[in-house]
Structures are given as structure tokens and as C-alpha cells.
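Visitor: Residue numbers (full-length UniProt numbering): 1 to 357. Glycine included, every Cβ here is placed at the ideal spot set by N, Cα and C. All figures in this text were calculated on a predicted structure; none of them were measured in a lab.
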């Protein structure tokens with residue numbers, strides 16, 4: 001009989017990708033969702049809330065691995081620990097938000113340039129983290145990490161930053177895709193275009209989960225796309241995916257309009273531990289993965305479904321994704337961009353990238 005896997009939170013972008021990769025690797029996959037989404041004939045789907053007795057009944061069926069996308073706080077860890085005799089190992093999706101900068105700040109603190117955390121060039125798994133709590137996003141993620149790692153369940157923690165891919169609930173790429181659809185052919189980037197949250201494609205994250213499922217153990221691993229891409233890499237990749245030439249200009253300070261990538265300094269992750277522990281090799285480069293995300297966004301847009309995904313609970317209306325230091329401003333204020341562009345036309349504002357994809 002094939003090994004059995006349970007994926008909790010399977011209707012999201014990462015959950016879908018994990019189900020696909022595990023099924024492709026020969027696992028018998030059960031997917032738990034709050035709302036039923038068709039995942040294909042090979043995936044068993046169950047619609048239930050994790051706080052229900054039905055969820056406990058599913059766990060009691062017994063699984064070789066449980067991949068949990070939705071765990072927040074110690075209580076969710078206890079749910080799994082209660083079923084330690086029914087579970088072979090756990091893979092937990094956590095967040096790079098748990099890391100503290102060298103100035104003691106976290107991503108959740110970073111609403112202004114002065115408050116933004118100052119991270120090392122590449123963050124390793126041993127760098128400082130927040131204390132567990134039951135109120136903040138990072139604290140709840142840290143609480144579930146700690147509880148599972150201290151339990152009898154072999155647990156792999158995957159710390160991801162900016163997840164991207166098809167079925168995203170916060171498609172950051174829309175900030176640039178809409179500009180191109182509106183006929184814009186130039187991007188203005190702040191902070192020299194060298195910042196951003198380390199991106200990770202859902203498919204690359206799912207590959208890490210697949211590898212960890214075959215190698216149970218207690219470990220914490222950063223998850224990311226190869227090459228530590230920054231904002232100017234992502235902007236150029238989006239333009240290339242759409243086959244358009246763009247001018248990219250940068251300013252050392254804040255941009256005229258904050259993008260989802262406009263951070264005073266980068267939050268980039270070392271992937272050495274994932275390579276050493278799992279033999280991780282990404283299934284897609286950052287540019288390849290961005291191209292796939294763009295194709296999905298454009299298809300959803302053409303079908304008239306995309307705007308319904310842009311929830312203002314995540315960020316400014318019309319963008320639908322969190323931004324740092326620019327919330328409340330029109331994300332598509334092209335006049336503000338044009339004014340700064342003119343200032344950058346002189347010798348102090350060179351074109352740093354101009355290409356046709």
C-alpha cells in the first residue's frame with residue numbers, strides 16, 4: 001500500500017502544490033479543506049474545520065506524514081500531538097516573520113523606515129527569533145514551531161517569506177502586471193531596487209515538503225527560490241514573462257508609490273540547510289516560476305475572475321496585497337511615478353535595466 005499523507009489547508013496555493021507533488025511521488029493523499037476545491041481524481045478531499053470532531057476523526061485514521069499549512073499557536077500543535085500514535089511525522093509551514101533583525105525589530109514592526117528590521121545579508125535558521133505568544137502572527141507561528149519540535153513527533157519546519165504562484169490570495173505581481181496592461185513601460189523602484197522579501201514559488205515550497213516527507217526528522221529549514229532575488233529581479237522577470245521591454249529606474253530612498261516589494265532593506269534567506277539536509281534543488285528558477293504566476297493571473301484577468309481576488313483586508317483597494325510603509329496610497333498613481341521619473345532623468349538617476357524579454 002502507498003504511504004499516506006494528510007495535507008491540512010489544501011485549497012490554498014501551497015496546499016494545492018503540495019498535494020500534486022506528493023501524489024506524483026506515490027503518496028495516497030487526503031486533503032482537508034474548509035471549502036471543497038477540486039484537486040483531481042487522485043486526491044481524496046474532506047471539507048471540515050480543524051476545530052471540529054470530524055477533524056479528530058480524520059487524524060485518527062493514521063498518516064505517515066501530516067503537512068500543516070494552517071497551524072497558528074500552541075493549540076493547533078496540541079491537536080497533532082494528541083494523535084502522536086496516529087502520525088509518523090509532521091511538516092509545518094511557518095514564516096520568516098519569526099526572525100528578529102539585528103536591531104531587534106521584526107517584519108510586523110516595520111511600518112516605517114526607522115522601524116524596519118535590519119537583517120544580515122542572508123538569514124540562517126540559527127538567527128534570533130521572536131518569543132512565542134498567542135496574539136501576533138509571528139508569535140503564534142513560533143509557538144506552534146516550538147510545541148511541535150519539543151514533542152515526540154518528528155517535525156520539519158519550513159520558514160517561507162513571500163510565497164507566490166497560481167491561486168495566490170495576495171498576488172504581489174499584480175502591482176507590475178497592471179502597469180504593463182495599462183501601457184506603462186517603466187518602473188520606478190525605491191531603495192535602489194535591492195530589497196524585498198525572499199520569494200518562494202509554491203512549487204518550490206512543495207518540493208521541499210516532498211523531500212522532507214521522505215526524510216522525517218526534527219529540523220528548521222528556510223524555504224526560498226534560488227539566487228535570493230530582489231525587487232528589480234522580480235520586476236524584470238514580470239516584464240520578461242509578458243514579453244515587454246521596460247526601463248527600470250531606482251531611487252535610494254522611498255519610491256513614489258510603495259510596492260509589495262518596497263522594503264528599506266532585504267529579508268533574504270540562506271538555503272544552505274535545506275540543500276544539506278534534504279538535497280533540495282528547486283524545480284523552477286525564480287524567473288520560470290514568475291512566468292507561471294503571470295500566466296495564471298492573466299488568464300484569471302481575461303476570464304473576469306481576478307478582481308474578485310483583490311481583498312482590501314490585505315492591502316490597498318485595487319491591489320489586494322500587503323505593502324509596507326505605503327498603505328492607503330493609490331498603488332497605481334502614475335502621475336506620482338512620472339514626477340519622480342523626471343527627477344531621475346539626470347546623471348544621478350541612470351537606467352539600471354532596459355531589456356526586451
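Pick from 11, 19 and 29: whose alpha carbon is nearest that of residue 1?
Guide: As a first step, residue 1 is located in the chain shown; it is residue number 1 there, counting from the start. Closest option to residue 1, Cα to Cα, is 29.
Visitor: Among residues of its own chain, excluding the 5 on either side of residue 26, which ones have a beta-carbon nearer than 6 Å to its beta-carbon?
Guide: Walking along the chain shown from the start, residue 26 turns up at place 26. So the qualifying residues of the chain are 2.
Visitor: Starting from residue 89, follow the beta strand (DSSP E) in both directions and report where the run begins and ends.
Guide: Translated into positions along the chain shown, residue 89 becomes position 89. 87-95 is the extent of the beta strand (DSSP E) around residue 89.
Visitor: By the three-class DSSP mapping on this structure, what secondary structure does residue 137 have?
Guide: Within the chain shown, numbered from 1, the residue matching residue 137 stands at position 137. Residue state, collapsed to three classes: helix.
Visitor: Between the alpha carbons of residue 121 and residue 47, how many angstroms are there, rounded?
Guide: As a first step, residue 121 is located in the chain shown; it is residue number 121 there, counting from the start. As a first step, residue 47 is located in the chain shown; it is residue number 47 there, counting from the start. Using only the alpha carbons, I get a separation of about 42 Å.
Visitor: Going by Cα to Cα distance, which pick from 68, 63 and 55 is closest to residue 206?
Guide: In the chain shown, the residue the question calls residue 206 occupies position 206. If we check each option's Cα against that of residue 206, 68 comes out closest.
Visitor: If we call anything under 7 Å between Cβ atoms a contact, is residue 158 one with residue 223?
Guide: Here residue 158 is taken as the residue at index 158 of the chain shown, counted from 1. Here residue 223 is taken as the residue at index 223 of the chain shown, counted from 1. Yes. Within cutoff.
Visitor: Should residue 358 be labelled buried (16 or more other beta-carbon atoms within 10 Å of its own) or exposed?
Guide: In the structure displayed, the chain extends from 1 to 357; residue 358 sits before or after that span and is not available.
Visitor: Is residue 164 helix, strand or coil when you go by DSSP?
Guide: On the chain shown, position 164 is the one that residue 164 refers to. Strand at residue 164.
Visitor: Is the region 296-303 in contact with the region 248-264, if contact means three or more CB pairs nearer than 8 Å?
Guide: With the cut-off at 8 Å, the region 296-303 and the region 248-264 do not touch.
Visitor: Would you identify the three-state DSSP class for residue 19, choosing helix, strand or coil?
Guide: Indexing the chain shown from 1 puts residue 19 at position 19. If DSSP states are grouped into helix, strand and coil, residue 19 belongs with the helices.
Visitor: Which residue marks the beginning of the beta strand (DSSP E) containing residue 33, and which one marks its end?
Guide: By 1-based counting over the chain shown, the position of residue 33 is 33. First-last of the beta strand (DSSP E) with residue 33: 28-33.
Visitor: Between the region 86-97 and the region 147-154, can you find at least three pairs of beta-carbon atoms closer than 8 Å?
Guide: At 8 Å Cβ cutoff, the stretches touch.
Visitor: What I want to know is whether the C-beta of residue 298 ends up closer than 6 Å to one or more non-hydrogen atoms of the ligand MG.
Guide: Inclusion of the ligand MG in the displayed structure is not the case, the ligand content being empty and no account of it being possible.
Visitor: Is the region 255-274 in contact with the region 196-213, if contact means three or more CB pairs nearer than 8 Å?
Guide: Judged by Cβ distances under 8 Å, the region 255-274 makes contact with the region 196-213, as three or more pairs qualify.
Visitor: What is the rounded straight-line gap between the Cα of residue 109 and the Cα of residue 85?
Guide: Along the chain shown, read from residue 1 onward, the residue named residue 109 stands at position 109. Along the chain shown, read from residue 1 onward, the residue named residue 85 stands at position 85. Taking the straight line joining both Cα atoms gives about 40 Å.
Visitor: Between 41, 24, 56 and 42, which lies nearest to residue 8 when the distance is taken from Cα to Cα?
Guide: Counting from one through the chain shown, the residue named residue 8 turns up at place 8. When only C-alpha atoms are compared, the closest one is 56.
Visitor: Confirm, please, whether the CB-CB distance from residue 213 to residue 65 is below 7 Å.
Guide: Taking the chain shown and counting its residues from 1, one reaches residue 65 at position 65. Taking the chain shown and counting its residues from 1, one reaches residue 213 at position 213. Yes, they are a contact pair.
Visitor: Does the Cβ of residue 182 have 16 or more other Cβ atoms within 10 Å, making it buried, or fewer, making it exposed?
Guide: Locating residue 182 in the chain shown gives position 182, where the first residue counts as 1. Per the 10 Å Cβ criterion, exposed.
Visitor: Could you pull out every residue in the same chain whose Cβ sits closer than 6 Å to the Cβ of residue 74, ignoring the five residues on either side in sequence?
Guide: In the chain shown, counting from the first residue as 1, residue 74 sits at position 74. Correct list, in chain order: 143 and 147.
Visitor: With a threshold of 6 Å on Cβ separation, who are the neighbours of residue 140 within its own chain once the five nearest residues in sequence on each side are excluded?
Guide: Start at 1 with the first residue of the chain shown, and residue 140 comes out as number 140. Correct list, in chain order: 72 and 73.
Visitor: In this structure, does DSSP put residue 230 in helix, strand or coil?
Guide: Reading the chain shown from its first residue, position 230 is the one you call residue 230. It is coil, neither helix nor strand.
Visitor: Find the nearest neighbour of residue 37 within the set 16, 171 and 77, judged by alpha-carbon distance.
Guide: Residue numbering aside, residue 37 sits at position 37 when the chain shown is read from its first letter. Nearest option by C-alpha distance: 16.
Visitor: Once the 5 residues before and after residue 100 are set aside, which same chain residues still bring their CB inside 8 Å of it?
Guide: Here residue 100 corresponds to residue number 100 of the chain shown, with the count starting at 1. If we look at residue 100 and ignore the five residues flanking it on each side, its Cβ neighbours are 106, 117, 127, 128, 129 and 130.
Visitor: What three-state label does DSSP hand residue 254 in the structure shown?
Guide: Stepping through the chain shown from its first residue, residue 254 is reached at position 254. If DSSP states are grouped into helix, strand and coil, residue 254 belongs with coil.
Visitor: The alpha helix (DSSP H) with residue 56 in it runs from where to where?
Guide: Here the question's residue 56 lines up with position 56 in the chain shown. It spans 53-59 - the alpha helix (DSSP H) in which residue 56 sits, taken as one unbroken run.
Visitor: Buried or exposed: where does residue 20 fall if 16 or more other Cβ atoms within 10 Å of its Cβ makes it buried?
Guide: Locating residue 20 in the chain shown gives position 20, where the first residue counts as 1. Buried, since its Cβ has 16 or more Cβ neighbours within 10 Å.
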